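*Asks:*
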Amino acid sequence: MDYQIISASKDCKARAGEIKTAHGIIKTPIFMPVGTVGSVKGVGVNYLSDDIKAQIILGNTYHLYLRPGIKIIEKAGGIQKFNSWNKPMLTDSGGFQVYSLGKIRKITENGCTFQSHIDGSRHEFTPEKVIDIQRKIGADIIMAFDECTPYPCGYDYAKKSLHITLQWLARCFERFNNTQPVYGYPQSLFPIVQGSVYEDLRIHSCREMIKYNADGYAIGGLSVGEPTQDMYHIINICTDILPTTKPRYLMGVGTPENILEGIERGIDMFDCVMPTRNGRNAMLFTWNGTLNMRNKKWEDDFSPIDPTGTSFVDTLYTKAYLRHLFVSKELLALEIASVHNLAFYLDLVTKARQHIIDGDYTSWKTDVLRNITRKL
RNA sequence: GGGGAAGUCGCAUAGCGGCAAUUGCAACAGACUGUAAAUCUGUCCUCUUCGGAGUUCGGUGGUUCGAGUCCACCCUUCCCCA
């Protein structure tokens, strides 16, 4: 994997770049739609590539391991053969499930045991196993196994958890460096910075991670409920230390506002369930603000869903019709909203990139934020 | 004409002497950040300074400290037999 900076802002840490992977080039900053089980919920790969213009999507190690199971993915010839998305992919390690499945998992010295949320069966994830699985899934970018700490998180726990994450990281790289890709194209392993909201832990975490000279670095454990300003502060601390020559990935973030603020602080890659999940729950993101499509006020509004949107759904369908679909619980509503939101997110980062190149990112961002944070 | 059943907050339901009254749907609003989420939460008779206050269970009377619940009559539906 290769990363090149095309253009860097003079008045902030934003940069426009290109990541070259075996499955294609990713222009950064980028938003990566989340496709947990190998599918971006409600959105076909044709829409993803042609309409939304997604460049890379996510998969999840834990979910794919449970279902369909790694054997099936291996038999298919890797995840991109399996899901017919023959563009770059990234798999998360299951570290987020250590957090989100907190009630049905247990962290051990060796790794983490989970009780399957599907059938209750017990499974153990170790750093080695997570690397082996991600080798077999075959994403271009794979993630280190970490613990995403909750918020609030006491200092002592955050420190202890970071210690475990760092130990796991060493084991991940050990395994990664001693194994080969299964499908003939290279994979990159990204470490994940942890340390909750504590400056010294984050600094320590970054310094330990850069020793591995990874192809890219992720910042995890944010947007889990901490005040937004704390998140921005921690991002700043991390991007001051992480090498500028490598892509930085802010995991699980976020709102359009979070993304623009993240870009300003030197983040290149984002992923978040928000555009798809909130879309399925009738919330639309637009350049003029957010709207709840279930609200009665759209009942007889026959204007386009989003006249400024880039997706075909934006001008093809009206607000009144989309509201009708949501109220009627029609599946098409979920598809339209997901496609629209993802197209907006990709449009957002595409425009951000252009303004970084044009050299007016911060002023553009300030203007944009005034509008997109409104509630319509 | 004879016999039977039933009327509860938009609809459907629960209720069997202590009830502003169950549940579901509908309606209306809100939440959602590396997806256990096409999910979840709240409101849903009226007014409210959110402490409460005022009117309710087809109608009118009655029994009772107290009635959606018991009694009488009336009104209205539905079913069965002619």
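Each step along the first sequence adds one to the number in my numbering, with nothing skipped, and position 116 is 115. The beta carbon of each residue, even a glycine, is placed where N, CA and C say it ideally should be. Remember, it's a predicted structure, so these values are computed and weren't measured experimentally.
#1: On the criterion of 16 or more Cβ atoms from any shown chain inside 10 Å, does HIS162 qualify as buried, or is it exposed?
#2: To the nearest angstrom, report how far apart ASN257 and TYR182 are at their CA atoms.
#3: Please name the residue, chosen from GLN166, GLY76, PRO32 and LEU315, that lies closest to ILE250 on a Cα-to-Cα basis.
#4: For GLY459, is the classification buried or exposed, using 16 other Cβ atoms within 10 angstroms of its Cβ as the cut-off for buried?
#5: With a Cβ-Cβ cutoff of 8 Å, do ILE262 and PRO87 count as a contact?
#6: Spell out a yes or no on whether the stretch 184-201 and the stretch 136-143 are touching, meaning 3 or more CB-CB pairs, one atom from each, closer than 8 Å.
#7: Please state whether the Cβ-Cβ distance between LEU333 and GLY41 is less than 8 Å.
#8: Is the stretch 189-203 close to the stretch 152-160, with three or more CB pairs under 8 Å?
#9: How would you write the range of the alpha helix (DSSP H) that ASP199 sits in, first residue to last?
#10: Which class does ARG264 belong to by DSSP, given the choice of helix, strand or coil?
#11: From PRO149 to PHE301, what distance separates their C-alpha atoms?
#12: Tell me, to the nearest whole angstrom, how far the beta carbon of LYS135 is from that of ILE69; I am working on the premise that it is less than 8 Å.
#13: Can you tell which of LEU47, GLY288 and PRO67 has the C-alpha that lies nearest to the C-alpha of ASN85?
#14: Where ILE236 and ILE202 are concerned, what is the direct C-alpha to C-alpha distance, given to the nearest angstrom?
#15: Can you grab the Cα-Cα spacing for the pair TYR316 / ILE304, in whole Å?
#16: Measure the beta-carbon distance from GLY219 to GLY119 and round it to whole angstroms, keeping in mind my assumption that it falls under 8 Å.
#17: Would you report the Cα separation of ARG206 and GLY278, rounded to the nearest angstrom?
#18: Would you mind giving the Cβ-Cβ distance between ARG373 and ASN287, rounded to the nearest angstrom? I have them listed as a contact below 8 Å.
#19: Could you spell out where the alpha helix (DSSP H) holding ASP155 opens and where it closes?
#20: Starting from the C-beta of TRP363, find all residues in its chain whose C-beta is less than 7 Å away, skip the five residues before and the five after it, and write them out in chain order.
#21: Given a cut-off of 8 Å on the beta-carbon distance, is the pair ASP267 and ARG247 in contact?
#22: Have a look at ASP131 and THR365 and give me their C-alpha separation to the nearest angstrom.
#23: With DSSP run on the structure shown, which of helix, strand or coil describes ILE4?
#24: Starting from ALA281 and walking both ways along the beta strand (DSSP E), at which residues does that stretch end?
#25: Starting from GLN133 and walking both ways along the alpha helix (DSSP H), at which residues does that stretch end?
#26: DSSP state of ALA342, grouped into three classes?
#27: Might you give, ordered along the chain, the residues of its own chain that have their beta carbon closer than 8 Å to the beta carbon of LEU74, omitting 5 neighbours on each side?
#28: Give every residue of the same chain whose Cβ lies closer than 6 Å to the Cβ of ARG174, excluding the five residues on either side of it in the sequence, and list them in chain order.
#29: Given this structure, state the Cα-to-Cα distance separating SER222 from TYR231, to the nearest angstrom.
#30: Please name the residue, chosen from ASP346, THR35 and LEU168, that lies closest to ILE371 on a Cα-to-Cα basis.
#31: Give a yes or no on whether the C-beta atoms belonging to CYS216 and LYS245 are separated by under 8 Å.
#32: Tell me which same chain residues have a C-beta within less than 7 Å of the C-beta of ASP50, skipping the five on either side of it?
#33: Given GLY101, which residues of its chain have a CB within under 6 Å of its CB, disregarding the five upstream and five downstream residues?
#34: Can you say whether ILE117 is buried or exposed, counting buried as having 16 or more other CB atoms within 10 angstroms of its CB?
#35: I'd like to check one pair, GLN114 with TYR61: are the Cβ atoms closer than 8 Å?
#36: Which residue comes first and which comes last in the alpha helix (DSSP H) that contains GLN114?
*Replies:* Taking the coordinates as given:
#1: exposed
#2: 36 Å
#3: Note that residue 250 is Met in the sequence shown, not Ile. Looking at the Cα atoms, PRO32 is the closest of the given residues.
#4: No statement about residue 459 is possible, as the shown extent of the chain runs from 0 to 375 and does not include it.
#5: no
#6: yes
#7: yes
#8: yes
#9: 198-209
#10: coil
#11: 43 Å
#12: 5 Å
#13: LEU47
#14: 7 Å
#15: 6 Å
#16: Not confirmed; about 27 Å, so no contact.
#17: 38 Å
#18: 7 Å
#19: 154-176
#20: HIS354
#21: yes
#22: 44 Å
#23: strand
#24: No beta strand (DSSP E) contains ALA281, which DSSP labels as neither H nor E.
#25: 126-136
#26: helix
#27: As written in the sequence, residue 74 is Lys, which differs from the Leu given in the question. Same-chain partners within the cutoff: there are none.
#28: GLU127 and ILE130
#29: 10 Å
#30: ASP346
#31: Reading off the sequence shown, one finds Tyr at residue 216, where the question assumed Cys. The answer is yes: Cβ separation under 8 Å.
#32: SER310, PHE311, VAL338 and ALA342
#33: none
#34: exposed
#35: no
#36: Counting along the chain, GLN114 falls outside any alpha helix (DSSP H), though it belongs to the beta strand (DSSP E) covering 111-114.
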